[in-house]
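>
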Amino acid sequence: MEKAQIALWVVEAQQGDNASLDALYRHFQPLLFSYAYKSCHDNALAADAVHNAWLKVMHGLKKLQQPHAFRSWLYRAVRWQLVDQGRRVQHQSLDDDQLITTPGDPEMDLLRMVNQLPGGEREVIELFYLHELSIEEVSDILQLASGTIKSRLFCARQTLKQAYSGD
Numbered sequence: 001m002e003k004a005q006i007a008l009w010v011v012e013a014q015q016g017d018n019a020s021l022d023a024l025y026r027h028f029q030p031l032l033f034s035y036a037y038k039s040c041h042d043n044a045l046a047a048d049a050v051h052n053a054w055l056k057v058m059h060g061l062k063k064l065q066q067p068h069a070f071r072s073w074l075y076r077a078v079r080w081q082l083v084d085q086g087r088r089v090q091h092q093s094l095d096d097d098q099l100i101t102t103p104g105d106p107e108m109d110l111l112r113m114v115n116q117l118p119g120g121e122r123e124v125i126e127l128f129y130l131h132e133l134s135i136e137e138v139s140d141i142l143q144l145a146s147g148t149i150k151s152r153l154f155c156a157r158q159t160l161k162q163a164y165s166g167d
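For the sequence shown, counting from 1, position 151 maps to 151 in UniProt numbering; every step adds exactly one.
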């Protein structure tokens, strides 16, 4: 989705256009649920966190002065809902029997390796690669300096490279 289209929807939603608000919801809902679920591994908690985040975002949307920052603002709202509920659980790795695998499937091998990264590195990898957020957006969501995000990405890539090559 183009950032310009999202910014346009945000501006229109700020002006009371329900169709634009609905378009934002339809676009981001599955992504947010996936992010929340990976944090807590509980459907109900993830759904609650995303629902509560949407409520807060809808109430505060008119106050958002930078429409291009909507995506990171939305992800941060979900993250804070997970924290506020006191139910945020560190990312849990999937057990081998939870993954449907084909022997020697490189994609599943990589998924296992990502799941074994330390929590901070795993979260940065997921936001940057799986949710395709920029370093600035990840920095904004996690409220960490962009240098810290870059460092965690570098360390995670190095760890994955070593694990994948078998070193």
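Quick reminder that beta carbons are idealized off the backbone N, C-alpha and C, glycines included.
Being a predicted model, the structure only gives us computed values, none of them experimental.
Is the beta carbon of Ser-72 closer than 9 angstroms to that of Leu-133?
yes
> Look at the Cβ atom of Asp-17, then the Cβ atom of Ala-69, and state whether they are nearer than 9 angstroms.
no
> Leaving out five residues on either side along the sequence, give the residues of the same chain with a beta carbon under 6 angstroms from the beta carbon of Ala-156.
Within the same chain, Leu-117, Glu-121 and Ile-125 come within 6 angstroms of Ala-156 by CB-CB distance, once the 5 residues on both sides are set aside.
> May I ask which residues mark the beginning and end of the alpha helix (DSSP H) holding Leu-117?
Run containing Leu-117: none; DSSP gives neither H nor E here.
> In chain order, what residues of the same chain have a beta carbon less than 7 angstroms from the beta carbon of residue 201, not counting five sequence neighbours either side?
In the structure as shown, the chain begins at 1 and stops at 167. Residue 201 is therefore absent and cannot be evaluated.
> Out of curiosity, what's the CA-to-CA distance linking Asn-115 and Leu-160?
Looking at the backbone, the Cα of Asn-115 and that of Leu-160 are separated by about 10 angstroms.
> By Cβ distance below 8 angstroms, which residues in the same chain neighbour Leu-64 in space, the five residues on each side in sequence not counted?
Val-10, Gln-14, Phe-70 and Trp-73
> Can you tell me whether DSSP reads Leu-65 as helix, strand or coil?
Checking the displayed sequence, the identity of residue 65 turns out to be Gln instead of Leu. Gln-65: coil per DSSP, three-state reduction.
> I'd like the list of long-range same chain contacts for Arg-79, defined as Cβ closer than 7 angstroms, with 5 residues on each side in sequence excluded.
These residues qualify, in order along the chain: Ile-141.
> Leaving out five residues before and five after Arg-76 in sequence, what residues of the same chain have Cβ atoms less than 7 angstroms from its Cβ?
Asp-140 and Ile-141
> Within 10 angstroms of its Cβ, does Glu-2 collect 16 or more other Cβ (buried), or is it exposed?
exposed
> Please return the same chain residues whose Cβ sits closer than 6 angstroms to the Cβ of Lys-62, not counting the five positions on each side in sequence.
Gln-14
> Could you give the C-beta distance for Glu-136 and Ser-146, rounded to a whole number, given that I count them as a contact under 8 angstroms?
6 angstroms
> Take the Cβ of Pro-67 as the centre, count every other Cβ of all protein chains shown within 10 Å, and call the residue buried at 16 or more, exposed below.
buried
> Once you ignore the five residues that flank Phe-28 on each side, which residues in its own chain have a CB closer than 7 angstroms to its CB?
Taken in chain order, the residues that qualify are Leu-74.
> If you compare alpha carbons, which of Asp-42, Leu-55 and Ala-163 is closest to Arg-112?
Ala-163
> Can you grab the Cα-Cα spacing for the pair Met-58 / Leu-110, in whole Å?
37 angstroms
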